[in-house]
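Counting from 2, one number per residue, gives the positions in the sequence shown under the numbering used here. Glycine included, C-beta positions come from ideal geometry on N, C-alpha and C.
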Amino acid sequence: MQRSYSTSALIVSIKEQTEKNCSVTLLTEKSGIVYVTLYGGHKSRLRSLINQWNSGTIWLYTNPEKNQTKINDFEVKNYHSSFTENLFKLFAANLVCEIAIKTKCAGSFQKCFKLITGFLDGMELCNEEQAKVGLIRFLWRYIELMGVLPDASCCSDCGKSFLSRQFTVHGISYYNNFTNSFICSDCYNNLDSEGKKLNFFKIKQEALIYLSAVSVLQPAEVRKLQIDKEAYDQIKQIIFILLEKNIESKLNSIETGVGIL
């Protein structure tokens, strides 16, 4: 077993253990979520580098006899100082890391690390409104990584494409929470029971077109697209429902961030 190794890492959280020691949660490219110990008082060089949301290359040492891993060194490459100045960015960062922890990085350490660090680096460079739209794009891509992404391009019942000319951009479709799928308004209106409609959420055609674009276009291209507040709110509602259903747990960041996220 290799005791000393380095990996790309993001500092997720820091908790004081004693006057000189801290417990640190890392999101790493090689091993996903890792819990390590930082030794040294507040005047130590490492203490000044190990700050929440800093990312870079970290050097770790594992002692199998004590079942403990400690931090030997850390080279910071990205700081995210704006997170402490903006509540939305702070809650968004906490949310994506909470999801990574609860899903065990969706079984793909490298892809999870790339998605999260890319999102956090991008959020550092944008304003709050841009960060809000960036969050739903990130969550949609993470749901795909989890393997539970619904097809937003066509009706799951009749198969008609939501991108075809027969659907106007101002049309309405529906998300079925029970089957995790989208259906067109014609199929929704043909349901033979009002009770069957209890699991459905209304969503604008514009929102479905946007989600389809997130799935197939390059991030740089998607960032140029615009959606209105109603479409944004509908997407966010469906994504939050889908996440909590598949994680099978309430997300603390969403619960405490009501009115912010």
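Checklist line | Neighbourhood of residue 110 by C-beta, 6 Å cutoff - its chain only, sequence neighbours within 5 removed | finding: 33
Check: Can you give the beta carbon distance from residue 214 to residue 226, rounded, assuming they're within the 8 Å contact cut?
Finding: 6 Å
Next item on the list: Give the secondary structure of residue 49 by DSSP, where H, G and I count as helix, E and B as strand, and everything else as coil.
Entry: helix
Check: With a Cβ-Cβ cutoff of 9 Å, do residue 107 and residue 98 count as a contact?
Finding: no
Next item on the list: Look at the alpha carbon of residue 64 and the alpha carbon of residue 232, and state the distance between them as a whole number of angstroms.
Entry: 51 Å
Checklist line | Through-space distance from residue 62 to residue 10, alpha-carbon basis | finding: 14 Å
Notebook entry, point to check: Would you call residue 138 buried or exposed, if buried means 16 or more other Cβ atoms sit within 10 Å of its Cβ?
Noted result: buried
Checklist line | Host beta strand (DSSP E) of residue 202 (start-end) | finding: 201-205
Margin query: What residue range does the beta strand (DSSP E) around residue 79 cover?
Written below: 69-79
Next item on the list: To the nearest angstrom, report how far apart residue 285 and residue 184 are at their CA atoms.
Entry: This structure does not reach residue 285, given that the chain is present from 2 up to 262, and the question cannot be answered.
Notebook entry, point to check: Thinking just about the alpha-carbon of each residue, which of 254, 50, 261 is nearest to the one in residue 101?
Noted result: 254
Margin query: So, with DSSP's three-state summary, where would you put residue 240?
Written below: helix
Notebook entry, point to check: Is it the case that the Cβ atoms of residue 149 and residue 181 are separated by a distance below 9 Å?
Noted result: yes
Notebook entry, point to check: At a cut of 8 Å, does the region 47-63 reach the region 130-146 through at least three beta carbon pairs?
Noted result: no
Margin query: According to DSSP, residue 28 sits in a beta bridge with which residue or residues?
Written below: 11, 34
Next item on the list: Report yes or no: do the region 122-133 and the region 89-98 share at least 3 C-beta pairs separated by less than 8 Å?
Entry: yes
Check: Are the Cβ atoms of residue 58 and residue 8 separated by less than 9 Å?
Finding: yes
Notebook entry, point to check: Mapping DSSP to helix, strand and coil, what is residue 210?
Noted result: helix
Margin query: Does residue 43 pass the burial test, meaning 16 or more other C-beta atoms within 10 Å, or should it be called exposed?
Written below: exposed
Notebook entry, point to check: Could you give the distance in angstroms between the alpha-carbon of residue 5 and the alpha-carbon of residue 72?
Noted result: 10 Å
Item checked: Rounded separation between residue 120 and residue 261 - CA only -> 18 Å
Next item on the list: Go ahead and pull the three-state DSSP assignment for residue 191.
Entry: coil
Notebook entry, point to check: Which one or two residues does DSSP pair with residue 63 in a beta bridge?
Noted result: 70
Checklist line | Pair within 9 Å by beta-carbon distance, residue 228 and residue 211 | finding: yes
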